[in-house]
Amino acid sequence: MGSLFAVFLPLALALVMFGLGLTLTSADFARVLRYPKAAAVALVCQMVVLPAVCVGLIYLFGLDGAVAAGMLLLAASPGGPSANLFSHIAGGNVALNITLTAVNSVLAVFTLPLVVGLSYALFLDGDAGIGLRPDKFAQVFAIVLIPVALGMWVHHRFPEWSRRRRGRVKVLSVVVLVLVVLAAVARDFDTLTDNVGALAAVCLLLASIGILVGYYASRLFGVDSDQAVAAAMEIGIHNGALAIAVATSVLHDSAMAVPAAVYGVLMNLPAGVAAALFARRTRRAAVPA
5 MGSLFAVFLP LALALVMFGL GLTLTSADFA RVLRYPKAAA VALVCQMVVL PAVCVGLIYL
65 FGLDGAVAAG MLLLAASPGG PSANLFSHIA GGNVALNITL TAVNSVLAVF TLPLVVGLSY
125 ALFLDGDAGI GLRPDKFAQV FAIVLIPVAL GMWVHHRFPE WSRRRRGRVK VLSVVVLVLV
185 VLAAVARDFD TLTDNVGALA AVCLLLASIG ILVGYYASRL FGVDSDQAVA AAMEIGIHNG
245 ALAIAVATSV LHDSAMAVPA AVYGVLMNLP AGVAAALFAR RTRRAAVPA
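Start counting the sequence shown at 5; every next residue gets the next number (our numbering).
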């Protein structure tokens, strides 16, 4: 099963990231200039605030070792594909979600190895420089950006084909994500059962705090409500499949993948509740007084 998982997982993530690429154009990156304040607040929350919150939760609930390192790896991962869906349901600015996901995916090539080094230093008593090795950067680059770039090229070169196939690729991506989560859990089931209570609490709190921080920090800096909703979903919903792939394919530690697998299931609860509440607020605001 181990060798099958090692082959299947990079291919599965490549499909997910290729599907993301099919939805992107160069204009999605340029849109940062259109929403500079919203993008800046969201990126700082995503890359600095939430990993710090995650470290606090790890110590609060007593996680340690590979499970703690995997939890921090997840917190540093970019927004997940389902962030766009939840943002749409919530009445958020989906265009901003697409932009944040695109920019975050590029930045992750540089930030994830740094976080891996930090997680090793804090929780694994290992060489903190392991995440900074050039081969680790190269592997994260291959996992994250090459499939996205290929998807963008296909979308630019064959726009009609891309539009027709985009929906199918999204559905297939969801199926693949579910299979990745199940495979990660099955591969290290003992790690899950030993830590399930604390992991569930940390995953639910991390998603909930991410949504709250994303929304209220954005509003605090005067960002429009629909953009704040987009930021909330982007910061609260992480790419668990990417964290699983980095843990197993780059770091070769399947136990580090377990937190992302648990999060991949549980984050739907706070995200769904938040989307419903945001959508209700949007409908009330649209009703004339």
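Think of the CB as a built atom: it goes at the ideal place given N, C-alpha and C, for glycine as much as any other residue.
All values reported here derive from a predicted model rather than from experimental measurement.
Using only alpha-carbon positions, find the residue among Gly226, Leu216, Ala202 and Glu238 that is nearest to Pro263. For this step, residue 263 is matched to residue 259 along the sequence shown. It is Ala202.
Which partner residues does His160 have in the DSSP bridge list? Indexing the sequence shown from 1 puts residue 160 at position 156. BP columns for His160 are empty, so no partner.
Going straight from the alpha carbon of Met5 to that of Ala247, what length do you get? If you number the sequence shown from 1, residue 5 lands on position 1. If you number the sequence shown from 1, residue 247 lands on position 243. In this prediction, Met5 scores a pLDDT of 48, lower than 50, which makes its location untrustworthy; the coordinate-derived value is nonetheless stated afterwards. Distance between the alpha carbons of Met5 and Ala247: 20 Å.
Measure how close the beta-carbons of Val98 and Asn88 come, nearest whole angstrom, since I'm counting them as under 8 Å. Taking the first residue of the sequence shown as position 1, residue 98 is located at position 94. Taking the first residue of the sequence shown as position 1, residue 88 is located at position 84. So it is a contact: roughly 6 Å between Cβ atoms.
To the nearest angstrom, how far is the alpha carbon of Arg168 from that of Leu122? For this step, residue 168 is matched to residue 164 along the sequence shown. For this step, residue 122 is matched to residue 118 along the sequence shown. Looking at the two C-alpha atoms, the distance is approximately 43 Å.
Here's a check: name, in chain order, each residue in its chain whose Cβ is nearer than 7 Å to the Cβ of Gly84, leaving out the five neighbours to either side. For the purposes of this step, residue 84 is taken as the residue at position 80 of the sequence shown. So the list reads Ile241, His242, Asn243 and Gly244, once near-sequence residues are dropped.
Run through DSSP, which three-state label would Phe22 get? On the sequence shown, residue 22 is found 18 positions in, with the first residue counted as 1. Residue state, collapsed to three classes: helix.
Excluding the 5 residues preceding and the 5 following Val279 in the sequence, name in chain order all residues of the same chain whose CB lies nearer than 6 Å to its CB. Residue mapping note: residue 279 aligns to position 275 of the sequence shown, counting from 1. The question names Val, but residue 279 is Ala in the sequence shown. Cβ within range, chain order: Phe90, Ile93 and Ala94.
Would you list the one or two residues that DSSP bridges to His242? Locating residue 242 in the sequence shown gives position 238, where the first residue counts as 1. The partner list for His242 (beta bridge, DSSP) reads Gly83.
So what does DSSP say about Thr29, is it helix, strand or coil? In the sequence shown, residue 29 corresponds to position 25, counting from 1. Coil at Thr29, not helix or strand.
By Cβ distance below 8 Å, which residues in the same chain neighbour Phe193 in space, the five residues on each side in sequence not counted? Indexing the sequence shown from 1 puts residue 193 at position 189. Contacts found: none.
Does Arg38 come out as helix, strand or coil in the three-state DSSP assignment? Translated into the one-based positions of the sequence shown, residue 38 becomes position 34. In the structure shown, Arg38 sits in coil (DSSP, three-state: anything other than H, G, I, E or B).
Between the Cα of Gly214 and the Cα atoms of Ala80, Leu37 and Gly66, which residue gives the shortest distance? Along the sequence shown, one-based indexing puts residue 214 at 210. For the residues Ala80, Leu37 and Gly66, the minimum Cα distance to Gly214 belongs to Ala80.
Between the segment 63-80 and the segment 216-230, do at least 3 Cβ pairs fall closer than 8 Å? no
Run through DSSP, which three-state label would Asp1 get? Residue 1 is absent from the model: the chain starts at 5 and stops at 293.
Could you tell me the alpha carbon to alpha carbon distance between Ser86 and Lys41, rounded to whole angstroms? Your numbering for residue 86 matches position 82 in the sequence shown. Your numbering for residue 41 matches position 37 in the sequence shown. Between Ser86 and Lys41, the C-alpha separation is close to 23 Å.
Determine the direct distance from the alpha carbon of Val180 to that of Ala251, and round the result to whole angstroms. Taking the first residue of the sequence shown as position 1, residue 251 is located at position 247. Taking the first residue of the sequence shown as position 1, residue 180 is located at position 176. Roughly 17 Å separates the two Cα atoms.
Got a sec, what are the start and stop residues for the alpha helix (DSSP H) Phe225 sits in? Taking the sequence shown and counting its residues from 1, one reaches residue 225 at position 221. Unbroken run through Phe225: none, as it is neither H nor E.
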